[in-house]
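*Asks:* Take a look at the following structure, please.
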Amino acid sequence: GYHAAPIIEVMGTMSEVVGSRVTSFDKCNTEPSTVTPNSSKPAPVGDNQNNNTPRITNGNTRSLSEMGVPASLESYGPYLRLIPSNRQVKELQTIIRDKNTSRSDFKFYADRLIRLVIEEGLNQLPYEDCNINTPTGCQYQGLKFLKGNCGVSIVRSGEAMEQGLRLCCRSIRIGKILVESDADTHEARVVYAKFPDDIAVRKVLLMYPIMSSGNTVVKSMRVLKEHAVEEENVILLNLFCTPAAARTVTSAFPKMRILTSEVHAVAPNHFGQKYFGTD
924 GYHAAPIIEV MGTMSEVVGS RVTSFDKCNT EPSTVTPNSS KPAPVGDNQN
974 NNTPRITNGN TRSLSEMGVP ASLESYGPYL RLIPSNRQVK ELQTIIRDKN
1024 TSRSDFKFYA DRLIRLVIEE GLNQLPYEDC NINTPTGCQY QGLKFLKGNC
1074 GVSIVRSGEA MEQGLRLCCR SIRIGKILVE SDADTHEARV VYAKFPDDIA
1124 VRKVLLMYPI MSSGNTVVKS MRVLKEHAVE EENVILLNLF CTPAAARTVT
1174 SAFPKMRILT SEVHAVAPNH FGQKYFGTD
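In the working numbering, the protein residues as written are 924 to 1202.
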């Protein structure tokens, strides 16, 4: 068994408006603005994610397939997605991976990448259409996110993502899971777990920045399922993922949605130590 302790709760129940998907300006229009209906399934992986651009590792140029990364993410199923990639994201990934990056810079740029992943993760949550009145007396057709979401961080590195989630959802509840590896067998075991009492009916944002083997996430998901959480109600927010970890997690939980910035054969496993200054 594992030890349970009081849950960390941030400013009561969830009530936030995150991001914006509306398309019209604040003025009176004869035509209502259009809001794309929400979908229970994530959009299919785009062609821009099927990139076999060469990467440079240890001074050698190798393709993704040579490093064990499939040219298409479709091999992991429809629920693993990358955040939109651009030069800004690539620079953040580069700075985080650079061994010469100072801790202050590391934390600053890691927080930026965390925010991008969290914002995209929030974009996957359910919402409904709504009409509001603007200060100019006009009616505006917009949307609002539904209540009933929560975050769960996998201690310790997952705690690095909590602040980014709070900055977007100031009243969200956050649970925790502590998974440790046995010193002899290296098998992951759950030491501590505590969630909101009604987590079974909530959408769960599971936070874990680095996935090397996927074992920690698999163990954490099993604990969530013990609390009656359906895997389709879980969105895993991740920064860096290896192909092996992606295969492990998607094979164990094929309906769980995974959002990451990069699938690469080499994960920056120094992330937690560098972020918290214990390296």
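Even glycine gets a Cβ: it sits at the ideal position worked out from N, Cα and C.
Do you know whose CA, among Val1157, Val1189, Met1130 and Ile1095, lies nearest Ser1136's CA?
*Replies:* Val1189
*Asks:* Between which two residues does the alpha helix (DSSP H) harbouring Phe1118 extend?
*Replies:* Segment: none, Phe1118 is in no alpha helix (DSSP H) and carries neither H nor E.
*Asks:* Just to confirm before moving on: does the CB-CB distance between Val1154 and Met1144 stay below 8 Å?
*Replies:* According to the sequence as given, residue 1154 is Glu; it is not Val. Yes.
*Asks:* Any idea if Ser1080 is buried or exposed, counting beta-carbon neighbours within 10 angstroms, 16 or more meaning buried?
*Replies:* buried
*Asks:* Let's test the definition: count the other Cβ atoms within 10 Å of the Cβ of Phe1031 and tell me whether it reaches 16, buried, or not, exposed.
*Replies:* exposed
*Asks:* Along the chain, where does the beta strand (DSSP E) that runs through Glu1154 open and close?
*Replies:* It is not in any beta strand (DSSP E) - Glu1154 carries neither H nor E in the DSSP assignment.
*Asks:* Per DSSP, what are the beta-bridge partners of Glu1051 in this structure?
*Replies:* Partner(s): Lys1067.
*Asks:* Kindly provide the ranges of any beta strand (DSSP E) runs that are 3 or more residues long and lie completely inside the segment 990-1050, ordered along the chain.
*Replies:* 1003-1005
*Asks:* In its own chain, which residues sit with a C-beta less than 6 Å from the C-beta of Ala1178, not counting the 5 before and 5 after it?
*Replies:* The sequence as given places Lys at residue 1178; Ala does not occur at that position. Counting only Cβ-Cβ distances below 6 Å, and skipping sequence neighbours, we find Glu1154 and Glu1155.
*Asks:* Quick check on the burial criterion: 16 or more other C-beta atoms within 10 angstroms. Buried or exposed for Gly1040?
*Replies:* For the record, residue 1040 in the displayed sequence is Val; it is not Gly. Buried, because 16 or more other Cβ atoms sit within 10 Å of the Cβ of Val1040.
*Asks:* Give the secondary structure of Leu1090 by DSSP, where H, G and I count as helix, E and B as strand, and everything else as coil.
*Replies:* helix
*Asks:* Following the continuous alpha helix (DSSP H) through Thr1171, name the residue where it begins and the one where it ends.
*Replies:* Pro1166 to Ala1175
*Asks:* Starting from Leu1147, trace the alpha helix (DSSP H) both ways and give me its first and last residue.
*Replies:* Asn1138 to Glu1149
*Asks:* So Lys1197 is in the alpha helix (DSSP H); what residue range does that whole segment cover?
*Replies:* Lys1197 -> alpha helix (DSSP H) spans Phe1194 to Phe1199.
*Asks:* Evaluate Thr1139 with the Cβ neighbour count: other Cβ atoms within 10 Å of its Cβ, from every protein chain shown; 16 or more gives buried, anything less gives exposed.
*Replies:* buried
*Asks:* Taking 8 Å as the threshold (C-beta atoms), are Ile1122 and Asn1192 in contact?
*Replies:* no
*Asks:* Would you kindly check if the distance between the Cβ of Ile1018 and the Cβ of Val1012 is under 8 Å?
*Replies:* no
*Asks:* With DSSP as the reference, please indicate the residues paired to Gly1074 in a beta bridge.
*Replies:* Ile1097 and Leu1128
*Asks:* Restricting to Cα atoms, I'd like to know which of Arg1125, Asn1161, Tyr1131 and Glu1085 is closest to Val1102.
*Replies:* If you compare the alpha carbons of Arg1125, Asn1161, Tyr1131 and Glu1085 with that of Val1102, the shortest gap goes to Tyr1131.
*Asks:* Beta strand (DSSP E) containing Arg1180: first to last residue?
*Replies:* Arg1180 to Thr1183
*Asks:* Which partner residues of Val1186 appear in the DSSP bridge assignment?
*Replies:* Per DSSP, Cys1164.
*Asks:* Give the straight-line distance between the Cα atoms of Val1114 and Ile1077, rounded to the nearest whole angstrom.
*Replies:* 11 Å
*Asks:* Compare the C-alpha of Leu1162 against each of Pro1119, Ile1181 and Gly1065 and name the closest.
*Replies:* Ile1181
*Asks:* For Met1134, which beta-bridge partners are listed by DSSP?
*Replies:* Paired residues: Cys1164.
*Asks:* Tell me the rounded alpha-carbon separation between Gln1062 and Arg1038.
*Replies:* Gln1062 and Arg1038: Cα-Cα distance of roughly 31 Å.
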